[in-house]
Amino acid sequence: MSYPTQLSFVSLQVSDLEVSGKFYSEVLGFKQVAKSPPDAIVFEQKNGAAFAIRKPMIELSKANLLGWGVAVWFSVGNLDIFLEKNAEKISIVKDIHPTPFGRILVIADPDGYSITLQETKED
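In numbering that gives the first Met the number 0, the protein residues as written are 0 to 122.
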């Protein structure tokens, strides 16, 4: 029997694919792959799990809080620069603060999913 050893894919179901696509591309800097499946946008990754957004497979309006209990983390080179550049475009859930894993910032995407941005030193 084999066991999962690595995360391979994460997707969020979003209410408006175009609005969320712009948020993840323009605010978070993700680049869309050349060809995504119908009703989805897949983003390029340097390494690790693939990330995508897609049209809902469930009725999102029936959920009180989308993604409650699930943490999605993305790396950002410098949180202060990110915040300076995007302060008007984001909704902050929890301001920059230290953790055992480094400094993080928690923001909300257009559907209200909490997205944790972890500061990582760029080469």
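We treat Cβ as the ideally placed atom computed from N, Cα and C, and that holds for glycine. Given the structure is predicted, the values throughout are model-derived calculations rather than measurements.
- prompt: Can the beta-carbon of Pro109 be found less than 9 Å from the beta-carbon of Asp15?
  reply: Residue 109 sits at position 110 when you count from the first residue of the sequence shown. Residue 15 sits at position 16 when you count from the first residue of the sequence shown. Cβ atoms of Pro109 and Asp15: closer than 9 Å.
- prompt: Whose C-alpha, out of Pro55, Gln31 and Asp38, is nearest the C-alpha of Gln44?
  reply: The residue you call residue 44 lines up with position 45 of the sequence shown. Considering only alpha carbons, the answer is Gln31.
- request: Give the single residue among Ile40, Asn77, Arg53 and Ile103 whose Cα lies nearest to the Cα of Ala70.
  value: Counting from one through the sequence shown, the residue named residue 70 turns up at place 71. Nearest option by C-alpha distance: Ile103.
C-beta contact flag for Val26 and Lys88 at 9 Å: For this step, residue 26 is matched to residue 27 along the sequence shown. For this step, residue 88 is matched to residue 89 along the sequence shown. A contact, by the Cβ cut-off of 9 Å.
query: How long is the line joining the alpha carbons of Gly47 and Pro37, rounded to whole angstroms?
result: By one-based count along the sequence shown, residue 47 stands at place 48. By one-based count along the sequence shown, residue 37 stands at place 38. For Gly47 and Pro37, the distance between alpha carbons rounds to 23 Å.
- prompt: Leaving out five residues before and five after Thr119 in sequence, what residues of the same chain have Cβ atoms less than 8 Å from its Cβ?
  reply: Mapped onto the sequence shown, residue 119 falls at position 120. Excluding positions up to five away in sequence, the list reads Ser74, Val75, Gly76 and Gly101.
- prompt: Of the residues Leu59, Ser10, Pro99 and Tyr112, which one's Cα is nearest the Cα of Ser35?
  reply: The residue given as residue 35 occupies position 36 in the sequence shown. The shortest C-alpha separation from Ser35 is found at Ser10.
Residue range of the beta strand (DSSP E) that includes Phe73: Your numbering for residue 73 matches position 74 in the sequence shown. It spans Val71 to Val75 - the beta strand (DSSP E) in which Phe73 sits, taken as one unbroken run.
- request: Decide if Ile52 is buried, meaning its Cβ has at least 16 other Cβ atoms within 10 Å, or exposed.
  value: Walking along the sequence shown from the start, residue 52 turns up at place 53. Result: buried.
message: Per the DSSP calculation, Ile40 is bridged to which residue(s)?
response: One-based indexing of the sequence shown puts residue 40 at position 41. According to DSSP, Ile40 bridges with Ile52.
Minimum C-alpha distance to Ser7 - residue among Ala39, Ser24 and Phe50: In the sequence shown, counting from the first residue as 1, residue 7 sits at position 8. Of the candidates Ala39, Ser24 and Phe50, the one whose C-alpha sits nearest the C-alpha of Ser7 is Phe50.
message: Give me the residue from Gly68, Gly66, Trp67 and Ile91 with the minimum Cα distance to Leu78.
response: The sequence position of residue 78 within the sequence shown is 79, counting from 1. Comparing Cα-Cα distances from Leu78 to each of Gly68, Gly66, Trp67 and Ile91, the minimum goes to Ile91.
- prompt: Does the separation of the CB atoms of Ser113 and Gly66 fall below 9 Å?
  reply: Along the sequence shown, one-based indexing puts residue 113 at 114. Along the sequence shown, one-based indexing puts residue 66 at 67. In this structure, Gly66 lies closer than 9 Å to Ser113 by Cβ.
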